[in-house]
Every structure is written in structure tokens, then in C-alpha cells.
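Heads up: the sequence shown begins at 157 in our numbering, then just goes up one per residue.
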Amino acid sequence: MALNIALKISAQPAFRMPTPNLTLFDGQTSAAESFFAPTQSGHWETGRYGCTRTSGWQFHEGIDIKFTQQDKRGEPTDPIFATAGGTVCYTNQQPGLSNFGNYIIIGHQIEGLEIFSIYAHLSEIADGVVSGRKVEAGARIGTMGRTSNAGNIARFRAHLHFEITLAINEGYAEWFEINSPGQTNDHGPWNGRNFLGLDPEQIFMEQIRKGEDFSLKDYIQGQESYFSVYIPKKSFPWTKRYKPLIVQAPEVNDARKTGYIVHFNGYGLPYQLSPTVWNKSEPLDVELIQVNGNLYDPFKCRRLLSLKGTEFQLSKTALNLIDLLTFNGD
Ligand SMILES: [Zn+2]
Numbered sequence: 157m158a159l160n161i162a163l164k165i166s167a168q169p170a171f172r173m174p175t176p177n178l179t180l181f182d183g184q185t186s187a188a189e190s191f192f193a194p195t196q197s198g199h200w201e202t203g204r205y206g207c208t209r210t211s212g213w214q215f216h217e218g219i220d221i222k223f224t225q226q227d228k229r230g231e232p233t234d235p236i237f238a239t240a241g242g243t244v245c246y247t248n249q250q251p252g253l254s255n256f257g258n259y260i261i262i263g264h265q266i267e268g269l270e271i272f273s274i275y276a277h278l279s280e281i282a283d284g285v286v287s288g289r290k291v292e293a294g295a296r297i298g299t300m301g302r303t304s305n306a307g308n309i310a311r312f313r314a315h316l317h318f319e320i321t322l323a324i325n326e327g328y329a330e331w332f333e334i335n336s337p338g339q340t341n342d343h344g345p346w347n348g349r350n351f352l353g354l355d356p357e358q359i360f361m362e363q364i365r366k367g368e369d370f371s372l373k374d375y376i377q378g379q380e381s382y383f384s385v386y387i388p389k390k391s392f393p394w395t396k397r398y399k400p401l402i403v404q405a406p407e408v409n410d411a412r413k414t415g416y417i418v419h420f421n422g423y424g425l426p427y428q429l430s431p432t433v434w435n436k437s438e439p440l441d442v443e444l445i446q447v448n449g450n451l452y453d454p455f456k457c458r459r460l461l462s463l464k465g466t467e468f469q470l471s472k473t474a475l476n477l478i479d480l481l482t483f484n485g486d
């Protein structure tokens, strides 16, 4: 009994707040304004994750956490902490090469899932924070800044852009070269476009609500299905990297399966995959199977489905995403 209590007290959340700004947890109505940094619009909601910008038409794939400290010149000085223990995967110290400015990506193994955290717009990356280096949860990895390839972020909205995210495909650089001739990718597979972000605010709140019962895998698998597709491939990078998201049907064994039914949430995260046997007359390609039309409007910023008359179809964006998801480099 005593041991049990001790364990409860010492249990750490899977993810810690990556800056000293803890006002999200204040539970007061004014807290959100102190926590989220707004876009130029000045509305704090635009610092949240989701279809929060440009009247719901622009996607923000992380959260913007506002500064709490400034030096005499008005520059943010908040230390940035690793949200969880892991390994540094990538650092970019050439701010002109990304709209993330100086950024760090850390990889984490959580419940068998390869999860990544991204810290962007930093003024400085701490000494020793280099690819391959292990970091502990809460370790200081850099300093908040205002860097971006689109010019410096205004002082009043200095923030950490923070993502908790899943990586789409290790072969991203190769895929990009084939699909974007003439364009450059300076970051290999560590390009922000190769990631599918979760909502960090929701994750922090779920952790508080559930305490030690919080499970990131349950959180991911508990997403609401916007649409599902049949993918006629027996294996692709996502099915290997995110095996825990596969829900096996006992009647479908590996020898019989012809592909996967993949459920996507409104933001395009393939959060559940079921091996399946396709019995209908051969589908030649990816097939849209089911749509929850109620989510069309709330998730319009991702433009994953389009309407042809009254019929939903996969948009170019969704087809591109599925193409990258299933790209085997062959
Ligand atoms: Zn942001």
C-alpha cells in the first residue's frame, strides 16, 4: 500500500511543459491570454493548435507558448526544456532555411510509438545539444527567440512554437525530390512537412485529468474518424513505425490480407489501421470508404476532402499525404 502511494507521487507525466510558462494550468479565464502568443491579429486563440487562423482556413500544427521573461532590450530569455527524455534527432542553426528559424527535434519512445517534439524560433541552441545526444526530461536545450526565415517575429508575440508529433516517412527527402522538382529541401527527413502534429494543449490537459492512467497511445487511438480509406499495400513505412496503432482483426491473417483500412482524424493523422481482405472487384488504387461529413467544416483548414456535387472525394492534399505515407522508395 505504502509503495503504491509512493509510486503515485513520483509518477511523472509523459510530457512536461517546455518553457517556464505554466499559466495554461491556472484554470482562470485570463490564463489562456498569458499562455498563448497570438499572430499579428492579436487574438490569443491563434496561438492554439488546429484550424485557428484566418477564419478557420489556416492550420497551426503546434502551440505558440508566450514568453515570460525579457532582457533589457525586450528579447525573450525563457529557457527551453525537453518535454520528455529522448534523443536529439536534428538541430537547424541556420534560421534563414526554415520558417521554424533555429529549431530542435527530439525523438522519444513512448508506449512503443516513435514520437517527436519540435521546438522552433529559438534564439540559441544549448551547447552539447547535437544529433544523437541523449537528453533527460526537463533538460535545458536552448533559449526562446524570434527567429524565422520570414523575418524576425515581433517582440510582443515572442514565443516557442512547440509540437508533439509523428513522423510520416524516413524517405521524405527522396519523395520530395521526385514530387517537387526544382524545389529545395534543406532538412532531409527533418522537414516540418514530414510530421503530423497532435494537439499539445489537449495532451497536457488529458495528462492532468487522467493522472498516471494517461496513455498517449489511447489518446491517439481515441481520435474521431473523419474518413477512412482502403490502401492496397500489405506494408508501408507507417505500418512498420507505428505498429501499436494497428488493430488486428482475428479473421484476417497476414497471408490473406490485401491491404489496410486506415482511419484519419480531421487533421490527417492516420491514427488507426486495420489489416483487411478486399473482396470487391479489384480496386486499382486508394479507395475512400467512409466519411463523417460533420467534420468537413470544423477541419476545413486541412482541405483533405472536397465535395463534387454531394459526393465527398479525397483532395489533392489527401492523395499527396497518402502517397508520402505509403512511399517505399520504389
Ligand atoms: Zn506556431
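Virtual Cβ for every residue (Gly too), placed ideally from N, Cα, C.
Keep in mind it's a predicted model, so treat the numbers as computed, not measured.
For this session: Tell me whether Ile-309 sits in a helix, a strand or coil according to DSSP, three-state version.
Result: Under the three-state reduction of DSSP output, Ile-309 falls in the coil class, being neither helix nor strand.
Problem set entry | Spatial neighbours of Arg-458 in its chain, beta-carbon cut-off 6 Å, leaving aside the 5 residues before and after | The residues are Phe-215, Tyr-423 and Gly-424.
Exercise. Less than 8 Å between the CB of Asp-234 and some heavy atom of ligand 1, yes or no?
Worked result: Taking 8 Å as the cut-off, one finds no heavy atom of ligand 1 near enough to the beta carbon of Asp-234.
Exercise. If you measure from the CB of His-315, is any heavy atom of ligand 1 nearer than 8 Å?
Worked result: Proximity of the beta carbon of His-315 to ligand 1 is indicated: a heavy atom of the ligand is located closer than 8 Å.
Exercise. When we look at the beta-carbon of Ala-238 and count the other beta-carbons within 10 Å, is it buried (16 or more) or exposed?
Worked result: Ala-238 comes out buried.
Exercise. What residues in its chain sit with their C-beta under 6 Å from that of Leu-180, if we drop five residues either side in the sequence?
Worked result: Only Phe-191 meet the Cβ criterion.
For this session: Could you tell me which residues DSSP pairs with His-315 in its beta bridges?
Result: His-315 pairs with Lys-222.
For this session: Would you mind giving the Cβ-Cβ distance between Phe-360 and Ile-221, rounded to the nearest angstrom? I have them listed as a contact below 8 Å.
Result: Wrong, their Cβ atoms sit about 11 Å apart, outside the cutoff.
Problem set entry | Buried versus exposed, by CB contacts within 10 Å (16 or more), Leu-461 | It is buried - the Cβ of Leu-461 has at least 16 other Cβ atoms within 10 Å.
For this session: In the DSSP assignment, find the unbroken alpha helix (DSSP H) run with Glu-330 in it and report its ends.
Result: That run of the alpha helix (DSSP H) goes 328-335.
For this session: Kindly indicate which residue of Leu-278, Ala-411 and Ile-271 has the alpha-carbon position closest to the one of Pro-356.
Result: Taking each of Leu-278, Ala-411 and Ile-271 in turn and checking the Cα distance to Pro-356, the smallest one comes out for Ile-271.
Exercise. Once you ignore the five residues that flank Gly-263 on each side, which residues in its own chain have a CB closer than 6 Å to its CB?
Worked result: Taking C-beta separations shorter than 6 Å and ignoring five residues to either side along the sequence, the partners of Gly-263 in its chain run Gly-242, Thr-243, Cys-245 and Phe-272, following chain order.
For this session: Please go through the same chain and pick out, in chain order, the residues whose beta-carbon is closer than 7 Å to the beta-carbon of Thr-395, but skip the five residues on each side of it.
Result: So the list reads Ile-402, Tyr-416 and Leu-429, once near-sequence residues are dropped.
Exercise. When you compare only the Cα positions, how much space is there between Pro-533 and Thr-432?
Worked result: Nothing in the structure corresponds to residue 533, since the chain is present only between 157 and 486.
Exercise. In terms of residues, what are the limits of the beta strand (DSSP E) holding Arg-209?
Worked result: From DSSP, the beta strand (DSSP E) with Arg-209 extends over 206-209.
Problem set entry | Pairwise C-alpha distance: Lys-456 and Asp-479 | Between Asp-479 and Lys-456, the C-alpha separation is close to 21 Å.
For this session: State the Cα-Cα distance for the pair Glu-201 and Glu-217, rounded to the nearest angstrom.
Result: Rounded to the nearest angstrom, the two C-alpha atoms are 13 Å apart.
Exercise. With a cut-off of 8 Å, do at least 3 Cβ pairs link the region 404-420 to the region 381-394?
Worked result: With the cut-off at 8 Å, the region 404-420 and the region 381-394 touch.
Exercise. Straight-line CA distance for Thr-208 to Thr-466?
Worked result: Roughly 27 Å separates the two Cα atoms.
For this session: Give the C-beta separation of Ile-281 and Thr-303 to the nearest angstrom, bearing in mind that I take them to be a contact with Cβ-Cβ under 8 Å.
Result: Rounded, the Cβ-Cβ distance is 11 Å, inconsistent with contact.
Problem set entry | Same chain, Cβ closer than 7 Å to Thr-482, neighbours up to 5 away in sequence not counted | The residues are Ile-387, Lys-389 and Phe-392.
Exercise. Pick from Asn-448, Gly-230, Asn-308 and Ala-276: whose alpha carbon is nearest that of Ile-297?
Worked result: Ranked by Cα distance from Ile-297, the first of Asn-448, Gly-230, Asn-308 and Ala-276 is Ala-276.
For this session: Using 8 Å as the cut-off, classify the Cβ of His-216 as near or not near the heavy atoms of ligand 1, replying yes or no.
Result: Indeed, a heavy atom of ligand 1 lies less than 8 Å from the Cβ.
Exercise. Which whole-angstrom value describes the C-beta separation of Lys-399 and Gly-268, a residue pair presumed to lie in contact below a C-beta threshold of 8 Å?
Worked result: Between Lys-399 and Gly-268 a beta carbon distance of about 7 Å is seen, short of the 8 Å cut, so the two are scored as contacting.
Exercise. So is Gln-196 buried or exposed if we call it buried at 16+ other beta carbons inside 10 Å?
Worked result: Burial call: exposed.
For this session: Taking Phe-332 as the reference, give the member of Thr-321, Leu-316 and Asn-350 with the closest Cα.
Result: Between Phe-332 and the set Thr-321, Leu-316 and Asn-350, the nearest pair of CA atoms involves Asn-350.
For this session: Tell me whether the beta-carbon of Asp-369 lies closer than 9 Å to the beta-carbon of Met-300.
Result: Cβ distance not < 9 Å, so Asp-369 and Met-300 don't count as in contact.
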